[in-house]
Amino acid sequence: AQSVTQPDIHITVSEGASLELRCNYSYGATPYLFWYVQSPGQGLQLLLKYFSGDTLVQGIKGFEAEFKRSQSSFNLRKPSVHWSDAAEYFCAVGSDSNYQLIWGAGTKLIIKP
Amino acid sequence: DTGVSQNPRHKITKRGQNVTFRCDPISEHNRLYWYRQTLGQGPEFLTYFQNEAQLEKSRLLSDRFSAERPKGSFSTLEIQRTEQGDSAMYLCASSLTVPQDGGYTFGSGTRLTVV
């Protein structure tokens, strides 16, 4: 079955510290991978996406993610978080033969001052 | 282009009433998607359009739900005889036929509360 797992429901990080949010997927086809961010009561903003090519992807707001096919992972990283990064982060997977995205349950990021 | 626009932002309705939401996608995007998101969960796919044609509906989309995209531009999602379990955020997204070209752009959603 197709699925996306974000093992951490919430993560607390001090401002200025580094961040890594985990995403693992189970998908039959070659995956397209996405990270979105959602602030409370808001829609989803695309942080970055991977379709093919370089497995290290740069996104907006200083985020990057690395696609590791052997581990079925697409972890999101940021070297130094800011208080404004506090939000919920969603990983999603799709493909060129599947128009719908499969989503993880999200990881809520809490920033300690 | 200002992105994907959804209206209303919030809707409170009594159980049993009908509600309709609107989505205006990015103008050059020919694919339009509806998702539903409940608290603490990721979005779940509801339905998708390629231009005006509704090509797929999830089993989540019961007979009380109907979606249209009459001219291949904006779309509406109607829920008839609302139930408390319909309370959720309804998200609309759009993309080009080849989503590699720009990915999927989401609107800010419509928050439905059924009381």
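Just so you know, the sequences run in chain order A and B.
Just so we're aligned: the first sequence equals residues 2 to 114 in the working numbering.
Just so we're aligned: the second sequence equals residues 693 to 807 in the working numbering.
The beta carbon of each residue, even a glycine, is placed where N, CA and C say it ideally should be.
Pull up the distance between the alpha-carbon of residue 728 of chain B and that of residue 71 of chain A, whole angstroms please. Going from the Cα of residue 728 of chain B to the Cα of residue 71 of chain A covers about 32 Å.
Does the beta carbon of residue 798 of chain B come closer than 8 Å to any beta carbon on chain A? It does: the Cβ of residue 798 of chain B has a partner Cβ on chain A nearer than 8 Å.
What three-state label does DSSP hand residue 79 of chain A in the structure shown? DSSP places residue 79 of chain A in strand when its eight states are reduced to three.
C-beta contact flag for residue 79 of chain A and residue 19 of chain A at 8 Å: Closer than 8 Å, so yes.
Below 8 Å on the Cβ atoms is my guess for residue 770 of chain B versus residue 730 of chain B; work out the distance and round it to an integer in Å. About 19 Å separates the two Cβ atoms, so there is no contact after all.
In the region 744-758 of chain B, which residues sit with their C-beta less than 9 Å from some C-beta in chain A, listed in chain order? Listed in chain order, the positions of the region 744-758 of chain B with a beta carbon within less than 9 Å of a beta carbon of chain A are 747, 748 and 750.
By how many angstroms is the C-alpha of residue 55 of chain A removed from the C-alpha of residue 766 of chain B? Near 36 Å, if we compare the C-alpha coordinates of residue 55 of chain A and residue 766 of chain B.
Under 7 Å from the C-beta of residue 735 of chain B: neighbouring residues of chain A: Within chain A, the residues near residue 735 of chain B are 104.
Span of the beta strand (DSSP E), counted from its first residue to its last, around residue 779 of chain B: No beta strand (DSSP E) contains residue 779 of chain B, which DSSP labels as neither H nor E.
Buried versus exposed call for residue 701 of chain B [16 or more other C-beta atoms within 10 Å across all chains shown]: Around the beta-carbon of residue 701 of chain B, fewer than 16 other beta-carbon atoms lie within 10 Å, marking it exposed.
Could you say which of A/105, A/100 and A/87 lies nearest to residue 12 of chain A if we only look at CA atoms? That would be A/87, whose Cα lies nearest to the Cα of residue 12 of chain A.
Listed by chain order, chain B residues near residue 3 of chain A by CB distance under 7 Å: Going along chain B, no residue has its Cβ under 7 Å from residue 3 of chain A, so there is no contact; the nearest lies around 11 Å.
Report the option in B/747, B/703 and B/714 whose CA atom is closest to the CA atom of residue 799 of chain B. Put simply, of B/747, B/703 and B/714 the residue whose alpha carbon is nearest the alpha carbon of residue 799 of chain B is B/714.
Can you round the beta-carbon distance between residue 724 of chain B and residue 756 of chain B to whole angstroms, since I take them to be within the 8 Å contact cut? With a Cβ gap of about 20 Å, residue 724 of chain B and residue 756 of chain B do not count as contacting.
Please classify residue 720 of chain B: is it buried, with 16 or more other beta-carbons within 10 angstroms of its beta-carbon, or exposed? When all chains shown are included, residue 720 of chain B counts as exposed.
Local conformation of residue 97 of chain A per DSSP, three classes: If DSSP states are grouped into helix, strand and coil, residue 97 of chain A belongs with coil.
So what's residue 62 of chain A in DSSP terms, helix, strand or just coil? Reduced to three states, the DSSP call for residue 62 of chain A is helix.
Considering just the uninterrupted stretch of the beta strand (DSSP E) at residue 702 of chain B, what are its terminal residues? 702-705 is the extent of the beta strand (DSSP E) around residue 702 of chain B.
In whole angstroms, what is the alpha-carbon distance linking residue 24 of chain A and residue 7 of chain A? In a straight line, the C-alpha of residue 24 of chain A is about 5 Å away from that of residue 7 of chain A.
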